[in-house]
Amino acid sequence: MIVSASNKHLEQILFIERASFSKPWTEYHFKSDLNNKISMNWVFLKNDQAVGYLFGWHVMDEYHLNNIAVAEPFRGTGIGVHLLNNMELHLKEIEVKSVFLEVSSSNLPARKLYEKMSFLPKGERKDYYTKGDDAVLYTLEF
Numbered sequence: 012m013i014v015s016a017s018n019k020h021l022e023q024i025l026f027i028e029r030a031s032f033s034k035p036w037t038e039y040h041f042k043s044d045l046n047n048k049i050s051m052n053w054v055f056l057k058n059d060q061a062v063g064y065l066f067g068w069h070v071m072d073e074y075h076l077n078n079i080a081v082a083e084p085f086r087g088t089g090i091g092v093h094l095l096n097n098m099e100l101h102l103k104e105i106e107v108k109s110v111f112l113e114v115s116s117s118n119l120p121a122r123k124l125y126e127k128m129s130f131l132p133k134g135e136r137k138d139y140y141t142k143g144d145d146a147v148l149y150t151l152e153f
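The opening position of the sequence shown corresponds to residue 12 in my numbering, with each subsequent residue numbered one higher.
Written out as structure tokens, the structure reads:
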């Protein structure tokens, strides 16, 4: 089940985040996004526990997908696809025209997922994450 993310999910989100990324978002970052009026954020619940999340910002007719992760035991089970489909459904309802994101060029599982979901690579940011770790820019147009 997918629901809007809230502060009650924060501990579980932080656990997934810290296990997923070498440079994870901080608690402050998530709290800030949860209280930001332009943020649209969701969690995937299994047995009332957050096992995946998607965070992003809605600005005019665009959405910037800032962060998505799935707990390690649940990766490859379709939760990422469900989160992205849910995002797309909600964004189309409010007439968003495009979604943007950056992903590490070395994060091949994420890139494969985005391309499966019809995101197109549109550019690159050299050394975006760290020296030698470039970002690939992806766009999804509705």
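C-beta atoms are modelled at their ideal positions from N, C-alpha and C, and glycine is treated no differently.
Quick caveat: nothing in here was measured; it's all calculated off a predicted structure.
Query: Could you give the C-beta distance for V4 and S116, rounded to a whole number, given that I count them as a contact under 8 Å?; Result: What the structure shows of the chain is the stretch from 12 to 153, and residue 4 is not part of that stretch, so it cannot be assessed.
Query: Applying the 10 Å Cβ sphere with the 16-neighbour rule, what's the burial state of N47?; Result: exposed
Query: Under the three-state reduction of DSSP, which class applies to P120: helix, strand or coil?; Result: helix
Query: Taking the runs of the beta strand (DSSP E) that are 3 residues or longer, which of them lie wholly in the region 52-115?; Result: 60-70, 73-81 and 109-115
Query: Rounding to the nearest angstrom, what Cα-Cα distance links N18 and K42 in this structure?; Result: 7 Å
Query: My guess is that R136 and D145 are in contact by the Cβ rule of under 8 Å, so how many angstroms apart are they, rounded?; Result: 6 Å
Query: Let me confirm a value: Q23 is counted as buried when at least 16 other C-beta atoms fall within 10 Å, else exposed. Which label applies?; Result: buried
Query: Give me the Cα-Cα distance between Y74 and N58, rounded to the nearest whole angstrom.; Result: 29 Å
Query: Can you list, in chain order, the stretches of the alpha helix (DSSP H) that have 4 or more residues and sit fully within the region 16-55?; Result: 21-31 and 38-45
Query: Looking at C-alpha atoms only, which residue of T37, D138 and P120 is the closest neighbour of G87?; Result: P120
Query: If we count the other Cβ atoms within 10 Å of its Cβ and call it buried at 16 or more, is Y125 buried or exposed?; Result: buried
Query: On the criterion of 16 or more Cβ atoms from any shown chain inside 10 Å, does D44 qualify as buried, or is it exposed?; Result: buried
Query: Using the Cβ count rule (16 or more neighbours within 10 Å means buried), how would you classify I49?; Result: exposed
Query: Would you kindly work out how many angstroms separate the C-alpha atoms of A30 and A82, rounded to a whole number?; Result: 8 Å
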